[in-house]
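In my numbering, the protein residues as written are 132 to 593. Worksheet: one structure, shown below.
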């Protein structure tokens, strides 16, 4: 499942580019890529990735980078995890009704890959016999950021038990009690046969299953993606798989596991899994820290200097700065909700917007003009398009541009510029082997992104 937003890692993670696709790990991979590499071995069939329509090209490109092949299924809108699980189970059932399915979130970190493999093989066997197993993590501290599972009295296997109950994120005192009583963290990762999950959805969440079934039956192939039917999927109730099935099924079980798991849901949890210096700090980017301890400081843009602070989070991006105590880091989600309520663009949208051909980033905007930095990857081709309200100037600063303006096609090199008058039909293509970078100056009565009439598009967006 790769369709979440990850707002507690704002301002780096936003709706337009959420945490699972951002290279936050020490090896340079995104959590999504690390998850896909984890399930690319001989024990696994071709993975099914369920993600949001807006992330389709990001997911496809990141899979291509690591050489992983997967079926990418597009949700037209978010409906929480139950609908995604139903779709995945129905698609897996087409392959093999009795086969074991492993359900993973794409934004988790695993420290012990070998231990993870042992746990997965164990729950796979129980899943094939009709159980819906979840991987419960043995806590190493009383976390208030995770839900908990109370193992039941029935022993299913060594280290595996029935489930007595699921509980929500507790306060610290309650979390300490849970650890004393042998509760486990709820990792949100499950194993089951497709046939069993479909049956339990039919029993406990029939509306979710019926919506998913119609969305799959009416799905269409779009380039390399499976696009679920929008109307059918939208009719599904918004509910998690925990509420829909796991808290009600009699087939549930939990395996106690220890493999260095974290959902990297907030800056404090990311700080905990990162390598830190002798002062307990994690410093990333252009950062200077003096007399600072046990802190996470990250800069994506300007020099960020921290003096005399302990236990803080400081994150600098192109258009926002976050300063928080480490203890209050999980409350960033509340901050983002307030920013959205206030209509702040920064709450959900990055300055750098990713497209299947590359990206663009706003440099400046004012009355009747806008300036952008555009990067087109080798072979990238923008749509053939026109604008009703603006003219554009393209100045090439790196690489070679193939520019179509009405019937004319011309090549432009560094320090050369193309002028595109209002209403002309135009296209930009990078025919070279290196990134094409240019500065675009828009001038006109309206410079919004919705003033684009796509005539033809290789990415099927027209």
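Where is the CB? At the ideal position from N, CA and C, for every residue including glycine. Here the structure is a predicted model, which means the values were calculated and not measured.
Unbroken beta strand (DSSP E) run spanning residue i, endpoints
{"i": "residue 146", "result": "Here residue 146 belongs to no beta strand (DSSP E), and DSSP marks it neither H nor E."}
{"i": "residue 540", "result": "539-543"}
{"i": "residue 587", "result": "584-587"}
{"i": "residue 169", "result": "It is not in any beta strand (DSSP E) - residue 169 instead sits in the alpha helix (DSSP H) that spans 162-169."}
{"i": "residue 433", "result": "Neither: residue 433 is in no beta strand (DSSP E) and is coded neither H nor E."}
{"i": "residue 420", "result": "418-421"}
Local conformation of residue i per DSSP, three classes
{"i": "residue 208", "result": "coil"}
{"i": "residue 265", "result": "strand"}
{"i": "residue 547", "result": "coil"}
{"i": "residue 427", "result": "strand"}
{"i": "residue 175", "result": "coil"}
{"i": "residue 413", "result": "strand"}
{"i": "residue 480", "result": "coil"}
{"i": "residue 352", "result": "strand"}
{"i": "residue 475", "result": "coil"}
{"i": "residue 305", "result": "helix"}
{"i": "residue 358", "result": "strand"}
{"i": "residue 217", "result": "helix"}
{"i": "residue 461", "result": "helix"}
{"i": "residue 580", "result": "coil"}
{"i": "residue 248", "result": "helix"}
{"i": "residue 373", "result": "helix"}
Rounded separation between residue i and residue j - CA only
{"i": "residue 520", "j": "residue 478", "result": "28 Å"}
{"i": "residue 233", "j": "residue 197", "result": "21 Å"}
{"i": "residue 451", "j": "residue 527", "result": "28 Å"}
{"i": "residue 326", "j": "residue 517", "result": "50 Å"}
{"i": "residue 154", "j": "residue 144", "result": "11 Å"}
{"i": "residue 151", "j": "residue 203", "result": "15 Å"}
{"i": "residue 564", "j": "residue 410", "result": "43 Å"}
{"i": "residue 191", "j": "residue 524", "result": "31 Å"}
{"i": "residue 341", "j": "residue 447", "result": "45 Å"}
{"i": "residue 389", "j": "residue 507", "result": "43 Å"}
{"i": "residue 449", "j": "residue 463", "result": "18 Å"}
{"i": "residue 417", "j": "residue 173", "result": "41 Å"}
{"i": "residue 592", "j": "residue 272", "result": "48 Å"}
{"i": "residue 248", "j": "residue 579", "result": "49 Å"}
{"i": "residue 335", "j": "residue 413", "result": "45 Å"}
{"i": "residue 205", "j": "residue 311", "result": "42 Å"}
{"i": "residue 415", "j": "residue 430", "result": "6 Å"}
Burial state of residue i (16 or more Cβ within 10 Å)
{"i": "residue 221", "result": "buried"}
{"i": "residue 540", "result": "exposed"}
{"i": "residue 577", "result": "exposed"}
{"i": "residue 406", "result": "exposed"}
{"i": "residue 552", "result": "exposed"}
{"i": "residue 149", "result": "buried"}
{"i": "residue 331", "result": "buried"}
{"i": "residue 423", "result": "buried"}
{"i": "residue 159", "result": "exposed"}
{"i": "residue 292", "result": "buried"}
{"i": "residue 367", "result": "buried"}
{"i": "residue 364", "result": "buried"}
{"i": "residue 373", "result": "buried"}
{"i": "residue 275", "result": "exposed"}
DSSP bridge partner residues for residue i (one or two, in chain order)
{"i": "residue 392", "result": "241"}
{"i": "residue 384", "result": "264 and 293"}
{"i": "residue 314", "result": "Partner(s): none; residue 314 has no beta bridge."}
{"i": "residue 183", "result": "206"}
{"i": "residue 523", "result": "551 and 573"}
{"i": "residue 503", "result": "493 and 571"}
{"i": "residue 485", "result": "490"}
{"i": "residue 534", "result": "541 and 559"}
{"i": "residue 232", "result": "323"}
{"i": "residue 444", "result": "427 and 455"}
{"i": "residue 516", "result": "557 and 585"}
{"i": "residue 272", "result": "The partner list for residue 272 (beta bridge, DSSP) is empty, contrary to what the question assumes."}
{"i": "residue 529", "result": "568"}
{"i": "residue 438", "result": "421"}
{"i": "residue 298", "result": "279"}
Host alpha helix (DSSP H) of residue i (start-end)
{"i": "residue 398", "result": "398-404"}
{"i": "residue 330", "result": "325-335"}
{"i": "residue 286", "result": "Segment 279-288 is the beta strand (DSSP E) holding residue 286; no alpha helix (DSSP H) there."}
{"i": "residue 363", "result": "361-365"}
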